[in-house]
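A.B. asks: Below is one structure. I have some questions about it.
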Amino acid sequence: MTPEPHLRRDGAWVGASVPRREDPRLLAGRGRFVDDIVLPGMLHAQFVRSTAAHARITAVDLSEVRAVPGVVAAFSAEDLDLDDITAELDRPAHEFVPTSMPVLARDRVRYVGEPIAIVIARDPYAVEDGLEAAVVEYEELEPVVSDTAALAEGAPLVHDNAPANTLVDVSLFATEGIDDVFAEADCVVRIRTKTGRQNALPLETRGVVADWDDRDEQLRVQTCTQVPHQVRTVLSRCTGLQERQVRVTVPDMGGGFGQKCVVGREEIAAAAAALRLRRPVKWIEDRRDALTAAFLAREQRYDVRAAFDAEGRILAIDADVVCDMGAYSCYPFTAGIEPLMASAEMPGVYKLPAYRVRGRAVTTNKAPTAPYRGVSRPQYVMVVERLMERAARELGMDPVEIRRRNVITVFPYTGINNITYDPGSYRESLDLCEQVLRDEGWYDVRGSADRVIGIGYACFSERTGYGSGAFAQRKMSVVPGFDISEVRMDTSGALVVTTGTMSHGQSHETTMAQIVADRLGVPIDRIRIQQGDTDRITYGWGSFASRSITIGGSAVAAASRKLGDQLREIAAHLLEADVDNTELDGESGVRLRDAPDRRLSFIEIADVAYLRAHLLPKNVGPGLTATASFDVGGDGTFSNATHGVVVELDRGTGGVEILRYVCVEDCGVAIHPQVVEGQCRGGIAQGIAGALFEQVTYDDAGQPLCPSFMEYKVPTAAEIPDVEIHHLETPSAFTESGAKGAGEGGTIGAPAAVLNAVNDALRSTGVELDDTPIARETVHRALEAGS
Amino acid sequence: MTEVQLIELTVNGERHDLAVEPRRTLVDVLRHDLGLTGTHVGCEHGICGACTVLVDGAPARACLMFAAQAEDADIRTVESLAAPDGTLNDLQRSFSAHHGLQCGFCTPGFLMLAEGYLAERPEASKEEIREVVASNVCRCTGYQTIVEAIDDCAGRRRAAFQAQLDSGRSA
Amino acid sequence: MKPAAFTYHRARSVAAAVGLLNDLGDDAKIIAGGQSLVAMMNFRLARPEHLIDIGRVPGLDHIRRDGAALRIGALVTHHAVETADLGTDFAVVSDAMRWIGHLPIRTRGTVGGSLAHADATAEWCLLAVLLDAEIVAEGSGGRRTIPAGEFFQGVFTTALEPDELIVEVVFPRPAPRAALTEYAERRGDFATVAAAVDLDAPRVVLGGVATVPLRVPSAEAVLMTDGPRIPAGEAAAAAIDPRDEPGVSAHYRRALTRTLVERACEEAAAR
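Written out as structure tokens, the structure reads:
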């Protein structure tokens, strides 16, 4: 179905920062999060976890555990006997090696924190007493704790079926003659960088409450997931239950950022235990486990060369990308998620004539990874933006000017990566961002002799709303993409609207309702958005990859329009008029175009549709329900932005302070500008965290070194600056409301802009830094050497 | 299970008699023994601040106190802020107006932090407020709108107090 | 992250607490504010079988001038000190409080708890050594006064006997030209390096460079002769012997030491 594009701000609700529907309950402490749920007779679960990074399990003895007061049960892998979680790509064996992730480890553990047994007790304190009584015997194997160790000759194998510890090895592009381009180029620059492993770190950790319902013959699973239907599918496959025997519902969620968009083994194990015990079981991940054993992300190594001509025009990029994906592929994305994203999208906003890339995923004895807000884009944007600034320096050009010469300005533009970019404001955002910093006098401040100040930029675009086609190109064997929405009107004229997306902070209860409100002319307080219930909502893919408003919102809009057509058809019949002569009046009614005072309210129409169905036209069935699906056609729609950052360095400590942060963003039509700004600022904070603060580290034995917030340094209000946001609006032709995705852009741009600013501040020292998080000691050493 | 202790807690003006294990933290007792689930658990080691409540008017980490230590104290949680009919107080409204919350998980902790701080220091500057906001972790907002929400509320409270003084003077 | 089981005792007096310590031996631990202890118990890194809560013991919450001296009761919170007017004589003490964690930690954490915990970067420990404090402890043998210089013995180790608890800390002399400053990547964290100076004594004390708060006589000698400028930082940096650690090399720690001593000197001189 091809939707009619709406290329304008098309009503009173879309574009207005209305009060959020979510706020009153969350502010009053009346939100309901998974740990707030209490069921009669509920038990509490935690996991016996591996203390070894890499070992064979020679014995698991839970007999002492079961004797601990308060402990009700303890199950090992053998006891629960569940099928593995397996995620695959449809790629040949030399490009992809599948790894099965057992729900509980059987004979081998591959990271510290890997679940081995589940212990269930009457209260959350007793369950931890139980954990201490577990006896696990290991035969230790040599751990593989870095990508370089994984790829070293003769390295121990994390998975016996994965030679060279390589799960993915794909060369998506290799322009013919690219070596000649490099040989003949005026300027060749190279960036080698390593980015730190990060934790997406939703403030609410993962968790689940599961119980078996005899009447419905159903396992009811309340879990904080971004992907409820996928949890249902995996749970059904692991346990052998029919899918209809599993109902996944999602309560209020305390963030996700990708960590909850994959299916976790603990939620499957806890649900299986509830099934076995026929008693409610709750598992709430504690922070130590969340920091050491939850899905991580972002640890990548790049070796990238770029060729430029003397005028600063980019001629070629040659990239080698290695992603340290940890111990297992996540479901459904696989270990390919990071290398394939980087390989496919790296050319970004620039007109690149030649491109070669090799993307690899290696497996190591560290907690597995999942997509995290931005997925590889924070890294490759950082690399490409560093290449631009380094080339500018080599060529003696202004770093903004070199971007101007390369940025795509004519749309649609089909890149060397076979992606067609829809219209955006790449050049405009760059110009405006620079202008703002110039007008504010930051370039004068930068020149002050007694201070160490730098200015850095990041200019980038971001594909949002990956449709089935885009994911199919990645050759996932499970292909997300579409969304389905159902809109139901009741006899009071109020609406329930379902979406397969899953809000976890993004305000969909408000923004989706705004979309419906404009389509039907109903105020948002008469519209209820329903999400996160696999019994009530048709299969949906959830919320990730900035897909909710682009795809979910478009399905909601399409279903609303369809319901509007139904309302008009019934009204035409009742008013004895031609349907073409009717229109929605914007005030919960249908009127005649040529006689606007002849109208029927939705309540009057609904009255007929439900309670006096004999009055309906012959070809119209009873009830007021419309369903529509939506998938993004083609290559989807690209948001874009430029970030500009001013930093000051402290000679005495190597400290980095952000003095100014400006973001010029374009996500098409902003449904709710305040929410868009919130997404930008929150994303930028996470990007700054990656650039300057957060890193999950391990010792040589693979023991995690960040088990608490003392070591994993989440920045606070003292570290994160205010962000000034400017909006540009290039509406998308692909989505129903003209919106583009806005969830990830902030995170994507921040590391590049911050790193460029730090390097600009170091310009007199001759030192350039490329790794993140930026070590203060390295900054200090550079300043020391340069002074 | 080990021994159980009888304790008496005063929470939001209500007295509760409880029999709990001494090792139960205040936040677990508030949430699971008293059903006051508005106070959240984020780290259980005192850094994230999701569990911040008022103990005798001062913001404190409910994960770093045993409930037994809180006897004789006056505990206030987020549930005490809105009126009985659900009407949000000025600080809560300010958070909504400034989009100072997204997922809402950290929000009760920030509200109680701000209530405790503004009660002690109503004249706080925006910079001072920012420093206090740095006590807690929010993963969604980037903090700017939280600072703005609290600063705006503080300004309105000062203005209302001044107006009250003025009208008292003129009366 | 739930603590192991323990028996809870509430002491109503110092004597009662000492009696319990005596009876219960090594398995007992005193809890005051609990801001370090409870976190360690939640991780089960500390698992006392008995917890003696002195939170409501009367008579330990005073902040009082006594002639030239300043006396602070063991149960006084960091926040109470932060908001107390200690005058210019002891402004260094109240100003140092802002480096301790964050407000909700400071409202519960206590002076006595911090000294007894004896983290080598803790502000109270640095202040105690800087200002030649006397730590007043009470045990079954009665009260005694321990000079700060002898109190800190190693990593989380003090001169307290197993049956003793801190009841008071006495700062015997005013320090109108003293300051404490720190560096950490993130606000509120334990310092990578902390430096405290008293230009008049003179004293230079460092945190984060040794297992205890470290006095640096060579830097003090510089202050005595050269006045409060850069050489004191150089002397302090030269005097310490840190090890290379992940993320913080010995060289960097020395550099931080130099910077922080300089800055503390400047701050102190500006008072």
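Protein chains in written order, with this note's numbering: chain V, 654 to 1440; chain L, 467 to 637; chain U, 3 to 273. Virtual Cβ for every residue (Gly too), placed ideally from N, Cα, C.
#1: Evaluate contact between the stretch 624-635 of chain L and the stretch 536-555 of chain L, counting only Cβ atoms and requiring at least three cross-stretch pairs below 8 angstroms.
#2: Using the Cα positions of Gly479 (chain L) and Ala539 (chain L), report the straight-line distance between them to the nearest angstrom.
#3: Taking all protein chains shown into account, do 16 or more other C-beta atoms lie within 10 angstroms of the C-beta of His747 (chain V), making it buried, or fewer, making it exposed?
#4: Measure from the C-beta of Glu469 (chain L) to each C-beta in chain U and report whether the shortest distance is under 8 angstroms.
#5: When you compare only the Cα positions, how much space is there between Pro816 (chain V) and Asp822 (chain V)?
#6: Could you say if the stretch 704-720 of chain V and the stretch 953-961 of chain V meet the contact criterion of at least three C-beta pairs nearer than 8 angstroms?
#7: Which class does Val884 (chain V) belong to by DSSP, given the choice of helix, strand or coil?
#8: Taking C-beta pairs closer than 8 angstroms, name the residues in chain U that Tyr583 (chain L) reaches, listed in chain order.
#9: Thr1117 (chain V): buried (16+ other C-beta within 10 angstroms of its C-beta) or exposed?
#10: Taking its Cβ as the centre, do 16 or more other Cβ atoms sit within 10 Å of Thr183 (chain U), making it buried, or is it exposed?
#11: Any C-beta of chain U sitting closer than 8 angstroms to the C-beta of Tyr778 (chain V)?
#12: Give a yes or no on whether the minimum CB-CB distance between Arg673 (chain V) and chain L is below 8 angstroms.
#13: To the nearest angstrom, how far is the alpha carbon of Ala124 (chain U) from that of Phe192 (chain U)?
#14: According to DSSP, is His104 (chain U) helix, strand or coil?
#15: Relative to chain U, which residues along the stretch 1333-1348 of chain V have a C-beta separation below 7 angstroms, given in chain order?
#16: Less than 7 angstroms between C-beta atoms, sequence neighbours within five positions excluded: which residues of the same chain meet that for Ala585 (chain L)?
#17: Against Asp939 (chain V), what residues of chain U qualify as contacts under a CB-to-CB distance less than 7 angstroms, listed in chain order?
#18: What span of residues does the beta strand (DSSP E) with Gly860 (chain V) cover, start to end?
#19: With H, G and I counted as helix, E and B as strand and the rest as coil, what does DSSP make of Tyr583 (chain L)?
#20: Between Glu510 (chain L) and chain U, is any beta-carbon pair separated by less than 8 angstroms?
#21: What are the residues that DSSP puts in a beta bridge with Trp936 (chain V)?
#22: Roughly how many angstroms lie between the CA atoms of Val842 (chain V) and Phe835 (chain V), to the nearest whole one?
#23: Does the beta carbon of Ile1373 (chain V) come closer than 8 angstroms to any beta carbon on chain L?
#24: Going along chain L, which residues have a C-beta under 8 angstroms from Gln37 (chain U)?
#25: For the structure I just gave you, are there three or more beta carbon pairs, one from the stretch 970-989 of chain V and one from the stretch 1072-1082 of chain V, closer than 8 angstroms?
#26: Roughly how many whole angstroms lie between the Cα atoms of Val1053 (chain V) and Glu1087 (chain V)?
#27: Can you tell me the Cα-Cα spacing of Leu500 (chain L) and Val40 (chain U), whole angstroms?
#28: For Leu484 (chain L), I'd like the list of residues in its chain whose CB is within less than 6 angstroms of its CB, leaving aside the five on either flank, ordered along the chain.
#29: State the start and end residues of the unbroken beta strand (DSSP E) segment that holds Asp200 (chain U).
#30: In its own chain, which residues sit with a C-beta less than 6 angstroms from the C-beta of Asp556 (chain L), not counting the 5 before and 5 after it?
#31: Taking Cβ positions only, does Thr518 (chain L) come closer than 8 angstroms to chain U?
#32: Exposed or buried, what is Glu136 (chain U) when buried is set at 16 or more other beta-carbons lying within 10 Å of its beta-carbon?
#33: Where does His11 (chain U) sit, in a helix, a strand or coil, going by DSSP?
#34: Could you check how far apart the C-beta atoms of Val874 (chain V) and Val861 (chain V) are, in whole angstroms? I think they sit under 8 angstroms.
#35: What do you reckon, are the CB atoms on Leu579 (chain L) and Pro525 (chain L) nearer than 8 angstroms?
#36: For Lys1271 (chain V), count neighbouring Cβ atoms within 10 angstroms of its own Cβ and tell me buried if that reaches 16, exposed if not.
C.D. replies: This is what the structure gives:
#1: no
#2: By one-based count along the second sequence, residue 479 (chain L) stands at place 13. By one-based count along the second sequence, residue 539 (chain L) stands at place 73. Between Gly479 (chain L) and Ala539 (chain L), the C-alpha separation is close to 11 angstroms.
#3: Position 94 of the first sequence, counting from 1, holds the residue named residue 747 (chain V). Burial call: exposed.
#4: Reading the second sequence from its first residue, position 3 is the one you call residue 469 (chain L). Glu469 (chain L) has a beta carbon lying within less than 8 angstroms of a beta carbon in chain U.
#5: In the first sequence, the residue the question calls residue 816 (chain V) occupies position 163. In the first sequence, the residue the question calls residue 822 (chain V) occupies position 169. Approximately 11 angstroms, taken between the alpha carbons.
#6: no
#7: For the purposes of this step, residue 884 (chain V) is taken as the residue at position 231 of the first sequence. Helix, per DSSP.
#8: Translated into the one-based positions of the second sequence, residue 583 (chain L) becomes position 117. Going along chain U in sequence order, the residues near Tyr583 (chain L) (Cβ under 8 angstroms) are Leu105.
#9: Your numbering for residue 1117 (chain V) matches position 464 in the first sequence. Buried, because 16 or more other Cβ atoms sit within 10 Å of the Cβ of Thr1117 (chain V).
#10: In the third sequence, residue 183 (chain U) corresponds to position 181, counting from 1. Flag for Thr183 (chain U) reads buried.
#11: Taking the first residue of the first sequence as 1, we reach residue 778 (chain V) at position 125. So, interface residue.
#12: On the first sequence, position 20 is the one that residue 673 (chain V) refers to. Output row for Arg673 (chain V): interface = yes.
#13: Along the third sequence, read from residue 1 onward, the residue named residue 124 (chain U) stands at position 122. Along the third sequence, read from residue 1 onward, the residue named residue 192 (chain U) stands at position 190. If you draw a straight line from the Cα of Ala124 (chain U) to the Cα of Phe192 (chain U), it comes to about 7 angstroms.
#14: Position 102 of the third sequence, counted from the start, is the residue given in the question as residue 104 (chain U). In the structure shown, His104 (chain U) sits in coil (DSSP, three-state: anything other than H, G, I, E or B).
#15: Of all residues in the stretch 1333-1348 of chain V, Phe1346 have a Cβ within less than 7 angstroms of some Cβ in chain U.
#16: What you label residue 585 (chain L) is simply residue 119 of the second sequence in a count that begins at 1. Gly523, listed in sequence order.
#17: For this step, residue 939 (chain V) is matched to residue 286 along the first sequence. Per Cβ cutoff of 7 angstroms: Met3.
#18: Taking the first sequence and counting its residues from 1, the one referred to as residue 860 (chain V) is at position 207. Where Gly860 (chain V) is concerned, the enclosing beta strand (DSSP E) stretches over 860-866.
#19: Numbered from 1 along the second sequence, position 117 holds the residue referred to as residue 583 (chain L). Of the three classes helix, strand and coil, the one that applies to Tyr583 (chain L) here is helix, per DSSP.
#20: Mapped onto the second sequence, residue 510 (chain L) falls at position 44. At least one chain U Cβ lies under 8 angstroms of Glu510 (chain L).
#21: Reading the first sequence from its first residue, position 283 is the one you call residue 936 (chain V). According to DSSP, Trp936 (chain V) shares a beta bridge with V:Ala698, V:Val861.
#22: Against the first sequence, residue 842 (chain V) aligns to sequence position 189. Against the first sequence, residue 835 (chain V) aligns to sequence position 182. When rounded, the distance between both Cα atoms is 10 angstroms.
#23: Walking along the first sequence from the start, residue 1373 (chain V) turns up at place 720. With respect to chain L, the C-beta atom of Ile1373 (chain V) has a partner C-beta closer than 8 angstroms.
#24: Position 35 of the third sequence holds residue 37 (chain U). Result: Gly512, Arg527, Leu530.
#25: no
#26: Position 400 of the first sequence, counting from 1, holds the residue named residue 1053 (chain V). Position 434 of the first sequence, counting from 1, holds the residue named residue 1087 (chain V). Taking the straight line joining both Cα atoms gives about 8 angstroms.
#27: The residue labelled residue 500 (chain L) in the question sits at position 34 within the second sequence. The residue labelled residue 40 (chain U) in the question sits at position 38 within the third sequence. Spanning the two alpha carbons is a distance of roughly 21 angstroms.
#28: Here residue 484 (chain L) refers to the residue found at position 18 of the second sequence. Excluding sequence neighbours, Leu484 (chain L) sits near Ile473, Asp499.
#29: The residue labelled residue 200 (chain U) in the question sits at position 198 within the third sequence. Looking at the DSSP string, the run of the beta strand (DSSP E) that includes Asp200 (chain U) is 195-200.
#30: By one-based count along the second sequence, residue 556 (chain L) stands at place 90. Once the five neighbours on either side are set aside, the close Cβ partners of Asp556 (chain L) are Cys619.
#31: For the purposes of this step, residue 518 (chain L) is taken as the residue at position 52 of the second sequence. So yes, Thr518 (chain L) belongs to the interface.
#32: For the purposes of this step, residue 136 (chain U) is identified with residue 134 of the third sequence, where counting begins at 1. So Glu136 (chain U) ends up on the buried side.
#33: For this step, residue 11 (chain U) is matched to residue 9 along the third sequence. His11 (chain U): strand per DSSP, three-state reduction.
#34: As a position in the first sequence, residue 874 (chain V) is number 221, starting the count at 1. As a position in the first sequence, residue 861 (chain V) is number 208, starting the count at 1. About 6 angstroms; that satisfies the 8 angstroms criterion.
#35: Walking along the second sequence from the start, residue 579 (chain L) turns up at place 113. Walking along the second sequence from the start, residue 525 (chain L) turns up at place 59. Their beta carbons are under 8 angstroms apart, which means Leu579 (chain L) touches Pro525 (chain L) by this criterion.
#36: The count along the first sequence starts at 1 and reaches residue 1271 (chain V) at position 618. By the neighbour-count rule (16 or more Cβ atoms within 10 Å), Lys1271 (chain V) is not buried but exposed.
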